[in-house]
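Chains as they are written, first to last, in my numbering: chain A, 1 to 434; chain B, 1001 to 1228. Glycine included, C-beta positions come from ideal geometry on N, C-alpha and C. These numbers were taken from a predicted model, which means no experiment stands behind them. To start, the structure under review is shown below, and the notes come after it.
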């Protein structure tokens, strides 16, 4: 019997041993892969969501340089006027807006007045300047879907963001009643006791901007002033607008003024005058810096989330260790046979470590599925809650180093059972002594 | 130079009560290339330990074992493993096939661990032992006779110069025992491999020209009989 002897291939032997073991312990392997996948996906998702949400809230071009509002927290001002979250810190008189609008250092000043909602979506009173002169992102202006247009400042007309249209079903030509307050109660409806009597008609639906603007119902600022139940205290005196009568400017009040400067140095000048020397108002400038401060202040939340994610990774590594370790006892005879037919101890050791690493590798691959699912859900929640669209598929270095890290950790977890397999007494586990 | 040469080989075990028991004490034993030798030994006579010492699975407490000119007692475990993989085939009473692996994989895995995989030769071996229709059967799907034939094929996978067989027919019926033994002897002869077989079955021992009593070469077995 003649033969051609091939090159020895212990790697092939290790691969075969690993394949057979994984198949034989298919259920335990599948569960362990699931755990490793979840851990890997969770870590990548926490990194990516944290990074992308921070980028979306601090790096995106919101179209304004600063926000002017009542004396108080800059963060609250930004959250309320830029992201349409949180309560307004208070009101400021119309005269401030008039002054800033006339100031040559200010390229654009847009007044916001808030206080009502429609089904939980904030109603913001403003001027048509928002649709004519406002630019966001890469010098883009707000665009209307279909035959939509900007509201007439003297009529009860509304322009709604794309997300509002998507979620409420409001379309061009539809009518609605605003509800009082900035939060919506499920018991409220158009006829509910919180609903205003004023009826508005939708004259425009904005194209998506992937920004908080998509979650807003825009109405003429005059409409907010004249909304039933609203009381104005512009310069201090209480004033209730009457139908058919002009509202004197001294009674008008605003929640915030959105500012775009003519030159970069203006921000510092105004910051000095308003924040440092003045006591009446607060200038949130630069907006991105305010949000960066927010993320820095609450960075511990991310660290806690990461800690939890790392703990899940550690638990999954323990699961790999336990799953493989539990097979060692039942496989002692297999190891003894392998050794008896010539497998060196290093082969047995390698097979166990490679088996653990393979489980972790499958888990790392599955991790991308979990990662995708988590970021899709998280992006959807963030969009629903804030209107901010995060780039869920943007690359984050964690996507490159977590999977190999998981594999390395899996291999490390395999060392303990591998040592046990390594130490298998061949003669004792092979045959009884005769 | 003999293929296998043993001098003053001893192996002791510690008994549960702490005493030391000598299981193997072989002053001299040798086997020539392609020689076929059967050793008769009763249960507990130390013959499996003797074979495990020759295979390098166990390290002796004293003495010397030389196989193809290499003193395995002077070598580390890793080298003994290498020598076992490339020069020694081992057939066990309980077959010791790997349960999760097919017949073909059992043979080829031994090749991977030894001189390297040779698909043509592995199939030829299994065909030779009548298993060509059962290449992808797992041990549990084979009869005991078929399992032992796969074990014989595996023992020959790396063209060993020495084949050790520990009660290779002990779990087989007479017909299967005869077939397996004939195959084993034929394959050893064809491959110019020496065969050292231990058995307590007179029918097996009677087929060998060179059949020795293990008690005659193992002084430990003699002393045990004397004290019994």
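_So residue 426/A contacts chain B; which residues on that side make the cut at Cβ distance below 7 Å?_
By Cβ distance, chain B contributes 1057.
Nearest to residue 401/A by alpha carbon, out of 43/A, 32/A, 26/A? For the options 43/A, 32/A, 26/A, the alpha carbon positioned closest to that of residue 401/A is the one of 43/A.
Taking the straight line between their C-alpha atoms, what separation do you get for residue 249/A and residue 309/A? In this structure, the CA atom of residue 249/A is about 55 Å from the CA atom of residue 309/A.
Margin query: Given this structure, state the Cα-to-Cα distance separating residue 1042/B from residue 359/A, to the nearest angstrom.
Written below: A straight line joining the alpha-carbon of residue 1042/B with that of residue 359/A spans about 47 Å.
Residue 383/A: contacting residues in chain B (beta-carbon distance under 7 Å) | Neighbours of residue 383/A on chain B: none; closest Cβ ~50 Å, over 7 Å.
Cross-chain neighbours of residue 330/A in chain B, by beta carbon under 8 Å
Neighbourhood of residue 330/A in chain B, by CB distance below 8 Å: empty, with the nearest CB roughly 10 Å away.
### Message
Looking at residue 320/A: is its Cβ nearer than 8 Å to the Cβ of residue 64/A?
### Response
Taking 8 Å as the cut-off, the Cβ atoms of residue 320/A and residue 64/A do not count as close.
query: Does any CB atom of chain A fall closer than 8 Å to the CB of residue 1085/B?
result: By this cut-off, residue 1085/B is an interface position.
Open item on the list: Could you check whether the Cβ of residue 1131/B sits closer than 8 Å to any Cβ belonging to chain A?
Closed with: Taking CB atoms only, residue 1131/B has no neighbour in chain A less than 8 Å away.
**Q.** Residue span of the alpha helix (DSSP H) that contains residue 347/A, given as start and end
**A.** Judged by DSSP secondary structure, residue 347/A falls within the alpha helix (DSSP H) whose first and last residues are 345-386.
Report task. Go ahead and pull the three-state DSSP assignment for residue 258/A. Result -> In this structure, residue 258/A counts as strand in the three-state DSSP scheme.
Q. What did DSSP end up calling residue 1212/B once you bin it into helix, strand or coil?
A. Three-state result, residue 1212/B: strand.
- Starting from the beta carbon of residue 1110/B, find every residue of chain A whose beta carbon is closer than 8 Å, and list them in chain order. Ordered by position in chain A, the residues that pass the 8 Å Cβ test against residue 1110/B are 341, 342.
In this structure, does DSSP put residue 393/A in helix, strand or coil?
In the three-state DSSP reduction, residue 393/A falls in the coil class, being neither helix nor strand.
Legend entry - Proximal residues of chain A, C-beta to C-beta of residue 1081/B below 8 Å: What residue 1081/B touches in chain A: 339, 342, 343, 344, 345.
| said: Counting C-beta neighbours from all protein chains within 10 Å, is the total for residue 29/A 16 or more, i.e. buried, or is it exposed? | reply: Burial call: buried.
Exercise. Kindly indicate which three-state DSSP category residue 1029/B falls into: helix, strand or coil?
Key: Secondary structure of residue 1029/B (DSSP, three-state): strand.
Note to self: Can you confirm whether residue 350/A, when its beta carbon is compared against all beta carbons of chain B, has any partner nearer than 8 Å?
What the structure shows: Not closer than 8 Å to any Cβ of chain B, the Cβ of residue 350/A fails to qualify, so no.
TODO: Consult DSSP for residue 445/A and reduce its assignment to one of helix, strand or coil.
DONE: Beyond the ends of chain A as shown, which are 1 and 434, falls residue 445/A; an answer cannot be given.
Fill in: Contact the segment 148-157 of chain A vs the segment 197-204 of chain A: 3+ CB pairs below 8 Å
Contact between the segment 148-157 of chain A and the segment 197-204 of chain A is present, because at least three Cβ pairs lie under 8 Å.
**Asked** Looking only at its own chain, which residues have a Cβ that is under 7 Å from the Cβ of residue 426/A, when we skip the five neighbours before and after it?
**Response** In its chain, beyond the 5 residues on either side, 336, 339, 340 have a beta carbon closer than 7 Å to the beta carbon of residue 426/A.
Between the CA atoms of residue 1109/B and residue 1118/B - distance to the nearest angstrom = Residue 1118/B and residue 1109/B: Cα-Cα distance of roughly 10 Å.
So, is the C-beta of residue 16/A closer than 8 Å to a C-beta in chain B?
Residue 16/A has a beta carbon lying within less than 8 Å of a beta carbon in chain B.
How big is the Cα-Cα spacing for residue 70/A and residue 230/A? A straight-line Cα-Cα distance of about 18 Å links residue 70/A and residue 230/A.
Alpha-carbon to alpha-carbon, residue 1202/B and residue 1152/B: If you take the alpha carbons of residue 1152/B and residue 1202/B, they lie about 21 Å apart.
For residue 356/A, return the contacting residues in chain B, with the cut-off set at a CB-CB distance below 9 Å. Going along chain B, no residue has its Cβ under 9 Å from residue 356/A, so there is no contact; the nearest lies around 18 Å.
Would you give the residue range spanned by the beta strand (DSSP E) that residue 218/A belongs to? Unbroken beta strand (DSSP E) run through residue 218/A: 217-220.
* Classify residue 1227/B as helix, strand or coil using the three-state DSSP reduction. => Because the pLDDT at residue 1227/B is just 49, under 50, the model does not fix this residue reliably, and the value given afterwards should be weighed accordingly. Looking at residue 1227/B - three-state DSSP - the assignment turns out to be helix.
| task | Quick one: measure Cβ to Cβ for residue 368/A and residue 41/A, integer angstroms, because I've assumed they're closer than 8 Å. | result | Right, the Cβ-Cβ distance comes to about 7 Å (below 8 Å), so this counts as a contact.
Using 8 Å as the Cβ pair cut-off and three pairs as the minimum, do the segment 97-111 of chain A and the segment 244-263 of chain A touch? As far as the Cβ criterion goes, the segment 97-111 of chain A touches the segment 244-263 of chain A, which means the pair count is three or higher.
With 8 Å as the threshold, decide whether the Cβ of residue 1105/B is near any Cβ in chain A. So, interface residue.
*Taking the C-alpha atoms as reference points, what is the distance between residue 142/A and residue 206/A?*
Roughly 7 Å between the two C-alpha positions.
Worksheet item: Apart from the five residues just before and just after residue 50/A, which ones in its own chain have a Cβ nearer than 7 Å to its Cβ?
Response: The answer, listed in chain order, is 302.
Within this structure, are the beta carbons of residue 105/A and residue 262/A separated by less than 8 Å?
Going by C-beta atoms, residue 105/A is nearer than 8 Å to residue 262/A.
On the CB-based measure, 16 or more other CB atoms within 10 Å of its CB, does residue 314/A come out buried or exposed?
A residue is called buried when at least 16 other Cβ atoms come within 10 angstroms of its Cβ; residue 314/A does not meet this threshold and is exposed.
**Asked** Going along chain B, which residues have a C-beta under 7 Å from residue 13/A?
**Response** Ordered by position in chain B, the residues that pass the 7 Å Cβ test against residue 13/A are 1109, 1112, 1113.
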